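Protein chains in written order, with our numbering: chain A, 1 to 304; chain B, 305 to 550. Heads up, the beta-carbon is just placed ideally off N, CA and C, and yes, glycines get one too. All figures in this text were calculated on a predicted structure; none of them were measured in a lab.
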Amino acid sequence: MSSNKTIEMKLPSKRQKNAVQNVSNRMLVTPGDVITEDTIYMKGHGTYGTNIEGDKRVIASVAGVVEPINKLICVKPLKTRYNGEVGDVIVGRIKDVQQKRWKVETNSRLDSVLHLSSVNLRGGELRRRSAADEFAMREYLKEGDLISAEIQQVHADGSLSLHTRSLRYGKLGQGCCVVVSPSLIKRRKNHMHNLSCGVSIILGNNGYVWISPLVKTATDSEAGDGGFDFDKEPVTADDRETICRVRNAILCLAKHSVMLYDTSVQYAYDKSLDYEAKHLLSDDVASEIVDRTLMEIDLLKGNA
Amino acid sequence: MSLELLSDEGYRMDGRKANELRRVRCNLGVFQQADGSAYIEQGNTKILAAVYGPHEPSQNFRSQVPHDNCLINCEYSQAAFSGVERKNRPRGDRKGQEMAAHIKQTFEASIQTTLYPRSQIDICLQVLQSDGSDYAVSVNAATLALIDAGITMKDYIIACSASLAKGVSLVDINHVEESVGCAELSAAVLPKLGRIVYTELNGKLHEDEMGQILEAVEAGCQDVFHVLEQHVREHVKDTAANFAVS
């Protein structure tokens, strides 16, 4: 039985270098580099000082970009695990169901915790949690479920406490999750967007991006109902293709270390309409789309 | 002995001079799945390193993890086809466990473990081809992988090996020079801070010769550092190019 499918093969070649942009005004460092010897600067994340008397050098401890904020010098590493801050919106996966709490995996240094008292229960928000609730935890969220939540608290050792006490957060239903590096997600006021191409997207600060069909509710930009029931209506083929295309566009941007936010994802989607969704995964198509997206963003910046 | 480590004209068996390193080639970020990864070739010794973490400690290590530091777990594996003879047990043998313990000790000197309490960092090393200086190249590979993973370190850790023949120190020895039976010194240094964090001597050496061979190793480490640093800077420049596009 002969089949006339074509197979694509790539021979090993030298890696393509990205076009060098905006590097001259930023300082790039590697571990052990002395950033400054001036005593007025304070040492932030990614830096350290030798504790020798009279040695006032600020030395980098990661490889990345120096970010001076007034007198504080921080170094932002190129890749890092997620460091949570209070108020961040994250997408996480339930890892374990324990007594009165769930352990959530959020791509951070330690697993995050979602207490039973931090979720909305069926039948009203202000109910006291009973023993029956504790036994029924697995009916609400079990291992492998994806949730969107907000960070309530950061403990001393760096572990995070989450809460879903708003109608916007909760268990995520039908959709697609893409994992990128947390350093690529731009911190903004709003992380849940309804893109004009017909999908809604949650850009979790921890690098997990959730793409789902447009949420059909009366109010706008709500990704979940804060509860645990989700829309079980079958997703149409067109919606599925759009979701797939957005996912591939995000992966293209992530491969070239472009910051992700609603505008960049929207532009990448628009530029990708020339190609089939599955072709976006190949390297040449990806570089072209990223170049055109960056040009569009530059234009926007130029006009602004 | 027909095998001459150093000819009269000053050349070694592979054509190098006494203080020359083998060709170093490396790549950062070779895996997407690991937090950090690197591949390094020093001559014919080829080693792959992957770093996972810092992350929640796994079941086996949950009891060992300290509350104010992170636990560094090192796994060293040699591919069955890496050496001269086929190796039936890639991991869990004496030499592998000893190497893993030494590398773990080495990195505890540079990684700022107090910044990651209650976490675990895994360093996984895979030797694809072994042609001498296994410890040194493993340490260099692990350093690059840790830098790729964004784990805070005081400085690079660069290691090198050296041996002594006819009163001249040979830097970066290969498998044949190792198996001849001369003394072999491996050392790991923090190049910018100028500190030695690990030394290992195999074989017998006269104490008068120790100073000379140690100097040769330190010079070798600085040379390797020079090459690796260039590479890391280029990698940072390429990756950071699109980073702050707002």
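C-alpha gap between aspartate 111 of chain A and tyrosine 208 of chain A, whole angstroms: 15 angstroms
Using only the alpha-carbon positions, how far apart do glycine 454 of chain B and glycine 340 of chain B sit? Rounded to whole angstroms, the gap between the alpha carbons of glycine 454 of chain B and glycine 340 of chain B is 8 angstroms.
Tyrosine 267 of chain A versus serine 257 of chain A: straight-line alpha-carbon distance, rounded: 15 angstroms
Output the distance between the C-alpha atoms of isoleucine 52 of chain A and glutamate 105 of chain A, rounded to the nearest integer angstrom. 40 angstroms
Name the chain B residues that come within less than 9 angstroms of lysine 79 of chain A, Cβ to Cβ? Near lysine 79 of chain A (Cβ distances below 9 angstroms), the residues of chain B are Gly333, Asp339, Gly340, Asp452, Ala453, Gly454 and Thr543.
Interfacial residues, the region 454-470 of chain B to chain A, with Cβ spacing under 8 angstroms: Gly454, Ile455, Thr456, Met457, Lys458, Asp459 and Tyr460
Could you spell out the range, first to last residue, of the alpha helix (DSSP H) harbouring arginine 93 of chain A? In the DSSP assignment, arginine 93 of chain A falls outside any alpha helix (DSSP H) and lies within the beta strand (DSSP E) extending over 89-98.
Tell me the residue span of the alpha helix (DSSP H) that contains glutamate 288 of chain A. 283-303
According to the Cβ coordinates, are leucine 295 of chain B and valine 484 of chain B closer than 8 angstroms? Residue 295 of chain B lies beyond the stretch modelled for chain B, which goes from 305 to 550, so this question has no answer here.
So, at 7 angstroms on beta carbons, what are the nonlocal neighbours of leucine 121 of chain A in its own chain, with the 5 sequence-adjacent residues on each side left out? Within the same chain, Cβ atoms closer than 7 angstroms to the Cβ of leucine 121 of chain A are found at Arg127 and Asp133, the five residues on either side in sequence being excluded.
If we define contact as Cβ-Cβ less than 8 angstroms, is arginine 366 of chain B a contact residue for chain D? Of the protein chains in this structure, namely A and B, none is chain D.
Distance between beta carbons of glutamine 433 of chain B and threonine 349 of chain B, contact taken as under 8 angstroms: 6 angstroms
Which residue from B/Thr543, B/Arg393, B/Glu513 and B/Leu325 puts its Cα closest to that of leucine 184 of chain A? B/Thr543
With a threshold of 8 angstroms between beta-carbons, can aspartate 157 of chain A be considered close to chain B, or not? Yes, contact with chain B.
Output needed in chain order: residues of the region 398-422 of chain B with a Cβ under 9 angstroms from some Cβ in chain A. Ser414, Gln416, Leu419, Tyr420, Pro421 and Arg422
Could you round the C-beta distance between alanine 342 of chain B and leucine 448 of chain B to whole angstroms and report it? I think they count as a contact, below 8 angstroms. 3 angstroms
Cβ of lysine 350 of chain B less than 8 angstroms from any chain A Cβ? no
From the DSSP output, in three-state form, read off asparagine 194 of chain A for me. strand
Below 8 angstroms on C-beta distance, what does arginine 327 of chain B contact in chain A? Taking a Cβ-Cβ threshold of 8 angstroms, none of the residues of chain A is close to arginine 327 of chain B; the smallest such distance is about 17 angstroms.
Between arginine 499 of chain B and chain A, is any beta-carbon pair separated by less than 8 angstroms? no
Under 8 angstroms by beta carbon: chain B residues contacting leucine 178 of chain A: Per the sequence shown, the amino acid found at residue 178 of chain A is valine instead of leucine. Contacts between valine 178 of chain A and chain B, judged by CB atoms closer than 8 angstroms, are missing: the closest CB pair is about 12 angstroms apart.
Let me see if you follow: with CB-CB separation under 8 angstroms, is arginine 316 of chain B close to chain A or not? no
Please state if the CB of isoleucine 211 of chain A and the CB of valine 246 of chain A are separated by a distance shorter than 8 angstroms. yes
My guess is that glutamine 242 of chain A and lysine 271 of chain A are in contact by the Cβ rule of under 8 angstroms, so how many angstroms apart are they, rounded? Reading the sequence as shown, one finds threonine at residue 242 of chain A and not glutamine. Between lysine 271 of chain A and threonine 242 of chain A the Cβ distance is about 15 angstroms, and since that is not below 8 angstroms, they are no contact.
On the premise that aspartate 452 of chain B lies in contact with tyrosine 356 of chain B, defined as a C-beta separation below 8 angstroms, what is that separation, rounded to the nearest angstrom? The Cβ separation is near 12 angstroms, so there is no contact.
Around the C-beta of proline 421 of chain B, are 16 or more other C-beta atoms found within 10 angstroms, so that it is buried, or is it exposed? When all chains shown are included, proline 421 of chain B counts as buried.
With 8 angstroms as the threshold, decide whether the Cβ of tyrosine 82 of chain A is near any Cβ in chain B. no
Measure from the C-beta of valine 62 of chain A to each C-beta in chain B and report whether the shortest distance is under 8 angstroms. Valine 62 of chain A counts as touching chain B.
So which residues of chain A does valine 536 of chain B contact, with C-beta pairs closer than 7 angstroms? Chain A residues near valine 536 of chain B: Thr30 and Ala63.
Using the rule of at least 16 other Cβ atoms within 10 Å of the residue's Cβ for burial, across every protein chain shown, is methionine 295 of chain A buried or exposed? exposed
Select from B/Gln337, B/Val328, B/Phe365 and B/Glu511 the residue whose C-alpha is nearest the C-alpha of glycine 347 of chain B. B/Val328
Can a CB atom of chain B be found closer than 8 angstroms to the CB of tyrosine 307 of chain A? For residue 307 of chain A there is no data in the structure shown, the boundaries of chain A being 1 and 304.
Over what stretch of residues does the alpha helix (DSSP H) that includes alanine 237 of chain A continue unbroken? 237-255
Any chain A beta carbon closer than 8 angstroms to proline 358 of chain B: yes
At a Cβ threshold of 8 angstroms, is aspartate 111 of chain A touching chain B? yes
Figure out for me which residue from A/Arg129, A/Glu233, A/Arg81 and A/Asn303 has the closest Cα to the Cα of glutamine 99 of chain A. Residue A/Arg129 is the option with its Cα nearest to glutamine 99 of chain A.
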